[in-house]
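Just so we're aligned, residue 1 is where the sequence shown starts under our numbering, counting upward by one.
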Amino acid sequence: MRVIGLMSGTSMDAIDAAVVDIDDAIFDRAPGEQPSPHDGALHVTLRTFVEEPYPKATRAALERAINASATNVPLAALASLNVAIGEAFANAARVARKEAAVPIDLIGSHGQTVAHVVRPPAGSDLWPATLQLGEPAVIAARTGITCVADFRVADVAAGGQGAPLVSFVDYLLLRSPTEFRVVLNIGGIANVTLLPRRATPQDVVAYDTGPGNMALDAAMQMLYSDGPGYDRNGQTAARGAVAASLLGLLLEDPYFKLAPPKTTGREQFGMAFVERAWAKAQTLGCTSDDFMATLTALSARTIAASIPPACDQVIASGGGVHNKTLMRALEREFAGKANPPKFVTSDAYGLPPDAKEAMAFAVLAVAALHGQPANLPHATGAHDMVVLGKLVPGCNFSTPMSSVWGQGQ
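1. Going straight from the alpha carbon of A88 to that of P261, what length do you get?
2. Three or more beta-carbon pairs under 8 Å between the stretch 392-409 and the stretch 215-222, yes or no?
3. Determine the DSSP secondary structure at L106, reduced to helix, strand or coil.
4. Please look up how many angstroms separate the CB atoms of G188 and S11, rounded, as I've assumed it's under 8 Å.
5. Just to check my reading of the structure: T294 and L247 have Cβ atoms closer than 8 Å, yes? What is that Cβ distance to the nearest angstrom?
6. Check each candidate in L75, T45 and L81 and name the one with the smallest Cα separation from A61.
7. For T287 versus A237, is the C-beta spacing smaller than 8 Å?
8. Would the stretch 105-123 count as touching the stretch 136-149 if we require 3 or more Cβ pairs under 8 Å?
9. Go through its chain and collect everything with a Cβ distance to S306's Cβ below 7 Å, but skip five positions before and after it.
10. Got a sec, what are the start and stop residues for the alpha helix (DSSP H) V95 sits in?
11. Note down the Cα distance separating Q202 from K280, rounded to an integer number of angstroms.
12. Would you check if the stretch 88-103 and the stretch 40-56 touch, i.e. whether three or more CB-CB distances between them fall below 8 Å?
13. Buried or exposed for N213, please, with buried defined as at least 16 other CB atoms from any protein chain shown within 10 angstroms of its CB.
14. Give the DSSP-derived three-state secondary structure of F27 in the structure shown.
15. In terms of alpha-carbon separation, which member of A149, A77 and R47 lies closest to A101?
16. Which residues mark the beginning and the end of the alpha helix (DSSP H) in which P377 is found?
17. Are at least three pairs of beta-carbons, each pair with one atom in the stretch 253-269 and one in the stretch 113-124, less than 8 Å apart?
18. Within the continuous beta strand (DSSP E) that includes T45, where are the two ends?
19. In whole angstroms, give me the CA-to-CA distance for Q161 and T325.
20. Give me whichever residues DSSP pairs with N67 in a beta bridge.
21. Suppose contacts are defined by Cβ-Cβ distances below 8 Å. Is V148 in contact with Y171 by that definition?
22. Per DSSP, which one or two residues make a beta bridge with V344?
23. Alpha carbon to alpha carbon, what distance is there between V19 and S398?
24. Could you give the residue range of the alpha helix (DSSP H) that holds Q132?
25. Looking at the secondary structure, which residues open and close the beta strand (DSSP E) in which P309 lies?
26. Sort out for me which residues DSSP pairs L8 with in a bridge.
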């Protein structure tokens, strides 16, 4: 099956669109038989990957909606933003389809997270909830392609935290009979999937470690308003020195003491977190370069703390792999330790680091079409495995449905 996976993470820098060929025979089953892909191999091949920036007006509206200092967002503005993001995602899908120059069977769209409140404050009247915008009906209408979207809410409804979801795909693609592997994604938030040797789905543990690029990007935007908005190659951090006292204070954040499963986001490690940290840094005499070096060390230290001593290999992906200072800091965390893990990027397994998450949501869309439960309760905290995603028919609806379920079934 040929699928477009669409993803925009917490950094909101662009919409990732991956065109992939998926051998979905692993999900096939006889009528009435429960799907059981866990003994087979999943084959996914990337054809095309594009990164399409948000239109400036959409990006500005999105930033207003998620700004922690905003007291409210008018419902009309939120409804309009849902459509605007859907239009942007549809455009990214069209660009990817044109570049690939092949027919597409299905789209899997993560959407854009604007709220993730799966652990409401004690005593509040909030329900556990997550909200991703990017109306799939718009995507299906503009492309003519059937779309699966809104993956996280099914896991939350099953008592989970709605994340991490890519751990199911990590399990299918990257588990090993001979190695303990840790699959590391360094996006705005960093997360890990722990895959022990000969792992079964029940053995998989996955969670968010804390900030990946998010605090670094927010700090660059705060310190250098006319800059690119991120620390290119970690150059700014490389000029500074880690402030041990500040790092110690940042490591006291309650999130780092939580046991998995756990998930976090902008509400915990976004601009408000960075502004508080910078205020403290100034009292300690830190320069802006020192501040960036310390935030980089925070990401590296909290990621390293999540990698077990038994790990043989770390498979890294996400935008953070391009931050040379961060990657060096991460490897230094293991210096002098017996049997440190080998670090590779997901490229070694045919999964380009920037494209891997978009590819994963293409796989999750195919799983949904087959009725395959695709969350891992030990990773998300859900009480059951459930089918993820909502299906919106496009003009081609009969094509993917008959491919999976047969004509007339």
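Where a beta carbon is used, it is the ideal one built from N, C-alpha and C, also for glycine.
Quick look at the numbers:
1. 32 Å
2. no
3. strand
4. 4 Å
5. 5 Å
6. L81
7. no
8. yes
9. V192 and T209
10. L75 to A100
11. 42 Å
12. yes
13. buried
14. helix
15. R47
16. P377 to T380
17. yes
18. H43 to E52
19. 31 Å
20. Partner(s): none; N67 has no beta bridge.
21. no
22. I315
23. 20 Å
24. Per DSSP, Q132 belongs to no alpha helix (DSSP H); it is in the beta strand (DSSP E), A129 to L133.
25. Run containing P309: none; DSSP gives neither H nor E here.
26. Reading off the sequence, residue 8 comes out as Ser, not Leu. S8 is bridged to Q112.
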